[in-house]
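Per the numbering used here, residue 1 is the first one in the sequence shown, and the count goes up by one each step. The C-beta atom is built at its ideal place from N, Cα and C for all residues, glycine as well. The structure displayed is predicted, hence computed values, not measured ones.
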Amino acid sequence: MKVKIHLDVNGYRYEEEVDPRLTLLELLREDLELTGTKEGCGMGECGACTVLLDGRPVKSCILLAVQANGRKVTTIEGVEHPDGTLHPIQQAFIDYGAIQCGFCTPGMVLTAKALLEENPTPTEREVRRAISGNLCRCTGYQKIVEAILACGERKTVTVVGEGLNRISKKGS
1 MKVKIHLDVN
11 GYRYEEEVDP
21 RLTLLELLRE
31 DLELTGTKEG
41 CGMGECGACT
51 VLLDGRPVKS
61 CILLAVQANG
71 RKVTTIEGVE
81 HPDGTLHPIQ
91 QAFIDYGAIQ
101 CGFCTPGMVL
111 TAKALLEENP
121 TPTEREVRRA
131 ISGNLCRCTG
141 YQKIVEAILA
151 CGERKTVTVV
161 GEGLNRISKK
171 GS
């Protein structure tokens, strides 16, 4: 038996008939063909599948699509500006070298977006706490933290040098 749901995904209204057991991740990737959201563990542990549900980060691999009925979903495809330019958080991830393989990046960017909308001037500790549900096997998190801090109001991170020998100078 299928269930009819209505949801807003990245500013577009969708009406879908779904199996009640379908996850939001499956709906996004398979039915709506929004493949920027990644499936890592399938158990809500890694954060690769993070999307925003009414502005709050959720693990779409453990959320049923029917639970998104009548709600607003933002995926990584909905973060860039309408003219195709990158969101400042996306640009900061590039500028600060916070992207390596890129698998965790969509979830990290969306988690950062939610944090900065709630708290435009987070501390390093608050950033680390916010991203604690998102695993990254490549960067060691420091570059990700620097990129997020750089997006915060009155926060700057100046990167001196390149590669492993770089030094971070934090200021406010």
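Alpha carbon of residue i to alpha carbon of residue j, nearest angstrom
i	j	result
ASN134	ARG13	28 Å
ALA65	VAL18	8 Å
GLU124	ALA130	10 Å
THR105	TYR141	11 Å
PRO88	ILE5	32 Å
ALA68	CYS138	32 Å
For residue j and residue i, believed in contact at Cβ under 8 Å, the rounded distance
i	j	result
ASN10	THR75	6 Å
GLU39	CYS49	6 Å
GLU77	GLY44	The pair is not a contact, with the Cβ atoms about 21 Å apart (cut-off 8 Å).
When the options are compared against residue i, the one with the closest alpha-carbon
i	options	result
LEU24	VAL18, LEU63 and ILE148	LEU63
ALA92	VAL109, GLU16, ALA114 and GLY42	VAL109
CYS41	ASP54, LYS59, VAL51 and THR35	LYS59
GLN184	LYS143, LEU7 and CYS61	Outside the shown range of the chain (1 to 172) lies residue 184, about which nothing can therefore be said.
ALA147	ALA114, ARG128 and ASP95	ASP95
LEU28	CYS46, GLY47 and VAL51	VAL51
CYS151	LEU116, GLU26 and VAL73	LEU116
Contact set for residue i: own chain, Cβ-Cβ below 7 Å, skip 5 residues either direction
i	result
ASP31	GLU16
MET1	none
The ligand PLP heavy atom lying under 7 Å from the CB of residue i
i	result
VAL79	Questions concerning the ligand PLP fall outside what the structure shown contains, since it holds no ligand whatsoever.
8 Å Cβ shell around residue i - same chain, five flanking residues per side excluded
i	result
ASN165	At ASN165 the pLDDT is 38, less than 50, meaning the model places this residue with poor confidence; the figure from the coordinates comes in the next sentence. None.
GLN90	VAL79, GLU80 and VAL109
Cut-off 6 Å between Cβ atoms - residues of its own chain near residue i, not counting five sequence neighbours on either side
i	result
LEU22	ALA65
PRO20	VAL3 and VAL66
Alpha helix (DSSP H) runs contained entirely in the segment 51–106, provided each spans 4 or more residues: The qualifying runs are 88–95.
Beta strand (DSSP E) runs contained entirely in the segment 8–41, provided each spans 3 or more residues: Listed in chain order, the beta strand (DSSP E) elements of length 3 or more contained wholly in the segment 8–41 are 12–18.
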